[in-house]
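Heads up: the protein sequence lines correspond to chains A and B, in order.
Note that my numbering numbers the first sequence so that position 424 is 424, with each residue one more than the last.
Note that my numbering numbers the second sequence so that position 33 is 1033, with each residue one more than the last.
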Amino acid sequence: MIVFEFLCTLIGEHVLLRTIVGFVAPDLVELNLEHQWEKMEQKLANSLTMTVNEKKFVENALLSDIRVDGRRPFDYRNLTIRFGSEDGSSEVQLGQTQVIAFVTGQLVQPYRDRPNEGTFAIYTEFSPMADPSFEPGRPGDSAIELGRIVDRGLRESRAVDTESLCVIAGKLVWSIRIDLHIIDNGGNLVDAANIAALAALSTFRRPECTFGGEDGQELIVHPPDVREPLPLIIHHFPVAVTFGFIGKENIVVIDPTHYEEAVMGGSLTATLNTNGDVCAIQKAGGDGVLQSVIMQCLRIASVKAGDITSKIKNAVESYNTQRSLRKIKRHNPSSAVSNVAKHHAERLTLGANEVCVGNQSNEHDKMSERNSTTKGVSGGLASWDPNSQGVDADAWRDSLPCATPLDKYKEESSQVNPETKSAEQFSDTNSFASTHEATNIVSPEKQSKTLKDAVKPKRKRRNKSTSNAHAS
Amino acid sequence: MEAKPSSSSPSKFVDQLVVPGDVILDLSNMANQTLKLGGGLRQDGDSICVMKAGKLRFMKPNKYWVESSQKRYVPSAGDNVLGVVVDTKPENFLVDIKGPVLAFLPVLSFEGGTRRNIPKFEVGTLLYVRVINANTSMNPELSCMDANGKAAEYGVLKEGFMFESSTGLSRMLLSSPPHPVLEGLGKKLSFEIAVGINGRFWVNASQSSTVILVGNAIQKSESLSLVQQKIYLEKLLKSIQ
């Protein structure tokens, strides 16, 4: 033993152990070395390998103000914001990058030093299917950094009103949890994740709580179908805008892609809102930049923040109108369907030529999914609500645009119109018409039976657009 | 000559999309025929079933295989691929070819390569190489020489930019008759292109804008049909002028 210790101090423990193990079990040592080699090789194979050509090319191209995907240095990629079927879930696509956000709430005890404020926490998950270098399990450095940036933007600027989340001071508050899942890494995860978090927070609804019970002291949490859940109070939208600095001259690009991120020397993320407040700035390492460059970046960021905020607000608004339509549909299925028919007819008379054979498969897909995703009006055929009155198969088949000639439709629509116009007055779901289209059309006979009694003098179709504005 | 029953060659699924589980041929009706099965097909007793989703292809007289398109590449011998040097070892270069494991490029497999003139590749060098052998349990082996030992265009690709694509797009770019977008762009612009069957292609031209245009046009044309490709190409060329 003493000899062992003495030898240890001389040679170094692990070397000694290795030699001893080497004598005793040479295979073990071999396996260990091989295992290490394999792990290293796997890591090399998984990380993005940039060629020297690419780095030089990106810099050269930027000298003539053009980027690899054809954008100019200060152009953002296409941004699409979609919502899931539940409140508080959003999916954002920024070019190739895809992020999903999910907001949930729970009643918990508040922190001791803030007894009348709710809490919120952000959890990020970098799914291995997003990038070969992402590993499952504990979040790596970049995951934690992303979470911190989004968190700082929301918390420090007090964008989410935490005091309204208090239920019983000192005992029960709402704890909001935001989960960010990275589905596809095409570069600039921070911006996409931030937008996803904002969109999800805007559409999240928490159940309403009141005091009740025999003594009025019991807390009742009302389920969503009993009492309408409440939205969160969000004062402003802190939007993150990321800049990359590429090359020796530190050329600035906005919204870097995966490739640009691999060649850039440094990056700066500025979180601002439309009021011109700078909520947070993140510049972690990388090349140094001049103060004037930073000021220029902040100015550009405020312009971009305005764009993005308006996009988020539009998407949230159309989601909200769809949501309220869904609620009304549940109470009044017949009027909703008649509205559907009327709108369908109108769509055909307006732009039936745009519907081509290719869309047929599109329709089938949309029919099968039940979620209330907001798509553009031109191509999108939204979900079919199973709560509506049943449609017989023949009427549905007839309604497929490609199968029937246009004239037959015009005929049907003119029949349907007088009845359906009266139906308008029953529901205030007129904004329904702008975002919601369905492929089922109820046969005219059914229409006339249910609404014949209720025929009121015709309203001009123009009113629909104005009442649209009222509803939304 | 022979009375062929309807279910015998060629299968009625040829040139159609098939999915795993489809039975494309029933051997009980065919007697004394030798079939060559390529990738994506498997013999299950008396039936030939599909293992990989893709398009079934047939070549006379008796070859069947399934063509599919993936983002990752399965190395197989004889392919010309674009690789990126990741590391150098005394005996070989470690090259990434978008496969499950790194490939080895022996330092001597260059034309006139001896121990004295081993090329110095830094990390990140782009190479056009040939796969010599690729067993599933070993790292694939590459070479910068053709079968006769000549250099024949293999080696380092300088300048330009490498774009990622899928294996299907690479095959389309290498097919004859040539890809319509490639042909159309080639008539108006001058550029050079190297296509690796592992889902990578490299474009070089005198101007960066040309490279970007060609690369993005090819990437975007992957999901378009032939007719749509022609329309897209026309619009693109008009907008250049």
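Ideal Cβ positions, reconstructed from N, Cα and C, are used throughout, including at glycine.
The alpha helix (DSSP H) that contains A:His258, what's its start and end?
258 to 263
Minimum Cβ-Cβ distance from A:Arg67 to chain B less than 9 Å:
yes
Beta-carbon neighbours of B:Thr1210, restricted to chain A and to distances below 8 Å:
Correct list: empty, because the minimum Cβ distance to chain A is about 11 Å.
Consider the Cβ of B:Gly1149: report whether some Cβ of chain A lies at a distance smaller than 9 Å.
no
List the residues of chain B whose Cβ lies closer than 8 Å to the Cβ of A:Val52, in chain order.
Glu1122, Gly1124, Thr1125, Leu1126
Nearer than 8 Å: is that true of the beta carbon of A:Ile300 relative to any heavy atom of the ligand NAP?
Judged by which ligands are present, the structure shown has none, so any question about the ligand NAP falls away.
Partners in chain B for A:Phe57, counting only beta-carbon separations shorter than 8 Å
Glu1159, Gly1160, Phe1161, Ser1208, Val1211
In terms of alpha-carbon separation, which member of A:Phe243, A:Ala159, A:Gln106, A:Ile220 lies closest to A:Ile294?
Closest by C-alpha distance to A:Ile294, out of A:Phe243, A:Ala159, A:Gln106, A:Ile220, is A:Phe243.
Proximal residues of chain A, C-beta to C-beta of B:Asn1092 below 7 Å:
Simply none; closest approach about 13 Å.
Report yes if the C-beta distance between A:Arg57 and B:Glu1159 is below 9 Å; otherwise report no.
For the sequence presented, residue 57 of chain A should be read as Phe rather than Arg. Contact: yes.
Give the secondary structure of B:Asn1204 by DSSP, where H, G and I count as helix, E and B as strand, and everything else as coil.
strand
Can you tell which of B:Lys1120, B:Leu1174, B:Met1051, B:Lys1230 has its C-alpha closest to the C-alpha of B:Phe1267?
Chain B is shown from 1001 up to 1241; residue 1267 of chain B falls before or after that span and cannot be answered.
Taking only the alpha-carbon atoms, compute the straight-line gap between B:Ala1151 and B:Pro1106 and give it to the nearest angstrom.
Going from the Cα of B:Ala1151 to the Cα of B:Pro1106 covers about 15 Å.
Members of the stretch 132 to 147 of chain A that neighbour chain B once the beta carbon cut-off is set at 7 Å:
none
Quick check on B:Leu1102: buried or exposed, where buried means 16 or more other Cβ atoms within 10 Å of its Cβ?
buried
Could you name the residues of the same chain whose beta carbon sits closer than 7 Å to that of A:Phe102, not counting the 5 residues immediately before and after it, in chain order?
Gly88, Ser89, Asp179, Ala200
Do you know how far the Cα of A:Arg82 is from the Cα of A:Asn32?
48 Å
Apart from the five residues on each side of it in sequence, which residues of its chain come closer than 8 Å, Cβ to Cβ, to B:Lys1036?
Asn1062, Lys1063, Tyr1064
If we ignore side chains and look at the alpha-carbon of each, how far apart do A:Ser133 and A:Asn314 end up?
For A:Ser133 and A:Asn314, the gap between their C-alpha atoms comes out near 35 Å.
Indicate whether A:Leu165 and A:Thr104 have their beta-carbon atoms separated by less than 9 Å.
no
Given a cut-off of 9 Å on the beta-carbon distance, is the pair B:Ile1048 and B:Arg1042 in contact?
yes
Using Cβ-Cβ distances below 7 Å, what residues of the stretch 1100 to 1117 of chain B are close to chain A?
Val1101, Leu1102
With A:Gln93 as the anchor, note down where its beta strand (DSSP E) starts and where it stops.
89 to 94 is the span of the beta strand (DSSP E), which, as asked, contains A:Gln93.
Cβ of B:Asp1096 within 9 Å of any chain A Cβ:
yes
Against chain A, does B:Leu1237 count as a neighbour if the rule is that its beta carbon must be under 9 Å from one of theirs?
no
Helix, strand or coil for B:Pro1180? Go by DSSP, reduced to three states.
Helix.
When the Cα atoms are used, what is the spatial distance from B:Met1145 to A:Leu48?
27 Å
As a quick exercise: from A:Ala196, A:Thr271, A:Gln322, pick the residue whose alpha carbon is nearest that of A:Arg152.
A:Thr271
Secondary structure at A:Ser175, three-state DSSP: helix, strand or coil?
strand
If you run the structure through DSSP and keep just helix, strand and coil, what is B:Glu1234?
helix
Which same chain residues end up closer than 8 Å to B:Ser1028 when comparing Cβ atoms and leaving out the 5 residues on each side of it in sequence?
Asp1046
Beta carbon proximity, A:Asn275 to chain B, threshold 9 Å
no
Length at least 4, wholly inside the stretch 68 to 155 of chain A: the alpha helix (DSSP H) runs in chain order
141 to 155
Please classify A:Trp37 as buried or exposed, where buried requires at least 16 other C-beta atoms within 10 Å of its C-beta.
Burial call: exposed.
Which residues in the same chain as B:Ala1194 place their Cβ atom closer than 7 Å to its Cβ, once the five residues preceding and following it in sequence are excluded?
Leu1082, Tyr1128, Leu1157, Phe1201, Trp1202
For my contact list, A:Val150 and A:Ala193 are in at a C-beta cut-off of 8 Å; report their separation, rounded to the angstrom.
6 Å
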